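For reference, each letter of the sequence shown is one residue, going 9 to 153 in our numbering. Right, one structure below, let's go through it.
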Amino acid sequence: MMVTDTTNISTTDGDLQIKEIVDALSHKRDTHIYSYDTKRRKMINATVSSTRGSSTRELIYIETDYDEVKILLTNKHRVFVLGDKRFKRADELLKGESLKHIDDIDVNVIKVHTINNNTHQQVYTLTTDSSDCYFANNILIHSND
């Protein structure tokens with residue numbers, strides 16, 4: 009359910025790395041991020057209410073066919089799949105599936121594979137006041153299992 013510390017999160021002030029959002033929250037500064045209401049199919053703004061960090065050795069690498077959009081997620085982190093109209097675990101994604109991009113376009117998965125590291129990688133997730141999803145590296149992901 010987490011992304012790497014260098015992942016960019018789409019905020020109302022431009023993209024910020026998730027570790028910058030973690031730092032802002034620790035200094036009691038609000039960060040407003042772009043989220044998406046999947047039922048009403050509408051972009052919404054949300055305020056980050058908390059963050060959680062951990063570490064892992066296993067990540068899922070997802071690459072799309074659009075503008076070099078790539079993301080590293082933990083295997084349980086969920087990504088919004090347009091064809092299924094639901095969030096699907098990163099380790100269950102298939103080549104060819106379409107994902108929701110912040111620019112309101114479909115981007116297709118061209119590569120998915122597991123990366124096993126020898127060292128631990130720092131990962132984070134966000135919780136917001138109004139939605140459990142947000143755009144990470146321009147792809148709509150869900151913050152909970």
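Here a beta-carbon is modelled for each residue, glycine too, at the ideal position from N, C-alpha and C. Treat the numbers as computed from the prediction; the structure is a model and nothing was measured.
Can you name the start and end residues of the alpha helix (DSSP H) that residue i belongs to?
i	result
S34	26-34
How about residue i and residue j: do their beta carbons lie closer than 9 Å?
i	j	result
L33	T12	no
T72	N16	no
T46	K93	yes
V77	I29	no
K96	Y44	no
T133	A54	no
I3	A144	One cannot answer for residue 3 here, as it falls past the ends of the chain, which runs 9 to 153.
M149	R86	Correcting the residue identity first, residue 149 is Ile in this sequence and not Met. Result yes, Cβ atoms of I149 and R86 sit closer than 9 Å.
T122	L67	yes
V120	G61	no
Following the continuous beta strand (DSSP E) through residue i, name the residue where it begins and the one where it ends.
i	result
D7	The first residue shown for the chain is 9 and the last is 153, placing residue 7 beyond what the model contains.
G61	50-72
S106	106-108
V87	86-89
A144	141-144
D45	40-45
R37	Per DSSP, R37 belongs to no beta strand (DSSP E) and is neither H nor E.
L80	78-81
K93	Element bounds for K93: n/a, residue is neither H nor E.
L102	Counting along the chain, L102 falls outside any beta strand (DSSP E), and DSSP gives it neither H nor E.
Taking 8 Å as the limit between beta carbons, can you name the residues of its chain near residue i, skipping five residues before and five after?
i	result
R65	N124, N125, N126, T127, H128, Q129
Q25	D13, T14, T15, N16, I17
Hey, is residue i close to the ligand PLP, as in C-beta under 8 Å from one of its heavy atoms?
i	result
D111	This structure does not include the ligand PLP; it has no bound ligands of any sort.
Leaving out five residues before and five after residue i in sequence, what residues of the same chain have Cβ atoms less than 6 Å from its Cβ?
i	result
V89	K96, E105
S138	A54
D99	I68, N83
Would you list the residues sitting across from residue i in a DSSP beta bridge?
i	result
T14	Beta-bridge pairing links T14 to no other residue.
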